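Written below as structure tokens is the structure these notes are about.
Chains as they are written, first to last, in this note's numbering: chain A, 1 to 292; chain B, 293 to 578.
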């Protein structure tokens, strides 16, 4: 672009974006560093800037509640990511079969994504409650011994979070896969059909492999969602019974804002940052590099 | 494939599709019927049974009488807080994103791509990592526990995604348009106003809906940064549903949950296409 024509061209754009970029970089990187420092400090009820080194991290990894949060993260992460990806892919493939009412079905599958996790949690809490919810419903169908009390059972409550999470997110995965399926060249599929390949075989051999890039970006999005999960647990179980459904995000919140363990809260936030960064940074790097 | 096996395929396909539709719709159905029952019907009937008589009392109660903790004003004040928070936060974050995207696509300078990449990390980072320092910052400026503080938080958290949306959209606009306008003597702002903005309606709608949905549905910042009289709707709903002091009124809980969900559900039903585009644009960088 010729700059001589517009004298303001060289400095005006920079000046215009400078305030919001400076603020954003302070917000992202400045506050990450600040939080990092807090995690190395002697903060308890209030931030305190005396340096104590890595002892908060040592305490964190000795903390039984944090172990529970990590274990739940693993259970929730694997089942939620696996469940939402599998269901989303299935729905996308089914919807891709030239369904007449595709628009309506897609709207139905995706609407949970438009509502708050707090709403989802409140609704599922009522559905899953052992008194008047599903348990009562199935008993009234003539199975008086049916029991379903996972929500109040500390061994199983985390699976309730998984169920509600998959309900909310699988439509989103479907939308991403459907966009990917629509990008596949129809003529390849036609050619395979003419060669006599069966439909499942075409999907398994041609369609699913060509979804690879979409698969990885979807996996990335769903995984970072699972690490950030917070609202759903709060609304559905409040982390309970006890702290049996704590995830790192609810642990961080409890330590920082109700237990007066600011430094440990900051340390657990740093651990969450590392988990997300391990997934997102390689992804962003490859995305931005291939574009050039 | 023979026509007969084709028909069978379609039958199975449709059965599966409809079963899934039922699975997705059941919670909404349960919320609606529960909100219309009184407590006797809830105890006497089952989760799925229809209300024997329509009863909007729980909607009234959820709106302006239900108790959250000690205060019994229903969801109304929280709903209004959310409105006062959402409107400026969406407007400001969208405006900034639009200008940033315009510069990052049409007025690139040395280092602008790196800055964009650095900004992108803000789309994905777990916000837990900024909560503690941010509460210090908001306190320093005297806007902790206020709606203004929440607006600032939402704008800062939203800039990376709004910038991403506009930048990726503007990359697709031909540079010739800008060059032609420059030859006509138009400057930076004039080109944005006269050439770029008139072409921006789709991405503007996508971004507005995206930001509206996210900010309305946010719970994390709401619960951390709000004070007694600035709590947003999600916090109000959670407090209401988790109040354990009295008898559990599930009908009021469900009416409250529906009230909290209605604004975003309405936008989704009216403009779902744009919402889906926002979802996919946030995930797959093009």
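A virtual CB, placed ideally from N, CA and C, is assigned to each residue, including glycine. Being a predicted model, the structure only gives us computed values, none of them experimental.
{"Query": "Helix, strand or coil: which one does DSSP assign to residue 323(A)?", "Result": "Any property of residue 323(A) remains undetermined from this structure, which presents chain A solely from 1 to 292."}
{"Query": "Hey, how far is the Cα of residue 230(A) from the Cα of residue 470(B)?", "Result": "44 Å"}
{"Query": "Along chain B, which residues have their Cβ under 7 Å away from the Cβ of residue 112(A)?", "Result": "316"}
{"Query": "Between which two residues does the alpha helix (DSSP H) containing residue 120(A) stretch?", "Result": "117 to 128"}
{"Query": "Report all residues from its chain with a CB closer than 7 Å to the CB of residue 206(A); omit the five preceding and five following residues, and keep chain order.", "Result": "188, 189 and 192"}
{"Query": "Mind checking if residue 175(A) is an interface residue toward chain B, Cβ cutoff 8 Å exclusive?", "Result": "yes"}
{"Query": "Is the beta carbon of residue 412(B) less than 8 Å from the beta carbon of residue 456(B)?", "Result": "yes"}
{"Query": "Are the CB atoms of residue 516(B) and residue 272(A) nearer to each other than 8 Å?", "Result": "no"}
{"Query": "Can you give me the C-alpha to C-alpha distance between residue 152(A) and residue 510(B), rounded to a whole angstrom?", "Result": "26 Å"}
{"Query": "So for residue 41(A), helix, strand or coil by DSSP?", "Result": "strand"}
{"Query": "State the beta-bridge partners of residue 363(B) as determined by DSSP.", "Result": "360(B)"}
{"Query": "Give me the chain B residues within the contact set of residue 254(A), using Cβ-Cβ distance strictly less than 7 Å, ordered along the chain.", "Result": "Those within 7 Å of residue 254(A) in chain B number zero; the least Cβ separation is about 12 Å."}
{"Query": "Kindly list, in the order they appear in chain A, the residues whose Cβ is closer than 8 Å to that of residue 326(B).", "Result": "126"}
{"Query": "Who are the near neighbours of residue 270(A) in its chain, counting only those whose CB is closer than 7 Å to its CB and skipping five residues on each side?", "Result": "35, 36 and 39"}
{"Query": "So, with DSSP's three-state summary, where would you put residue 268(A)?", "Result": "helix"}
{"Query": "Would residue 420(B) count as contacting chain A if we go by Cβ distances under 8 Å?", "Result": "yes"}
{"Query": "Can you pull out the residues from the segment 370 to 393 of chain B whose beta carbon lies closer than 8 Å to at least one beta carbon of chain A?", "Result": "388, 391 and 392"}
{"Query": "Keeping to the same chain, check which residues put their C-beta closer than 7 Å to that of residue 495(B); ignore five residues upstream and five downstream.", "Result": "457, 458 and 461"}
{"Query": "Taking the alpha-carbon positions, what's the residue 481(B) to residue 489(B) distance?", "Result": "10 Å"}
{"Query": "Since I believe residue 246(A) is in contact with residue 58(A) (beta carbons under 8 Å), could you give me their beta-carbon distance rounded to a whole number of angstroms?", "Result": "At roughly 20 Å, the Cβ-Cβ gap does not stay under 8 Å, so residue 58(A) and residue 246(A) are not in contact."}
{"Query": "Less than 8 Å separating the beta-carbons of residue 76(A) and residue 162(A)?", "Result": "yes"}
{"Query": "Measuring alpha carbon to alpha carbon, tell me which of 166(A), 53(A), 155(A) and 78(A) ends up nearest residue 111(A).", "Result": "166(A)"}
{"Query": "With a cut-off of 8 Å on the beta carbons, I'd call residue 241(A) and residue 154(A) a contact; round off their distance for me.", "Result": "4 Å"}
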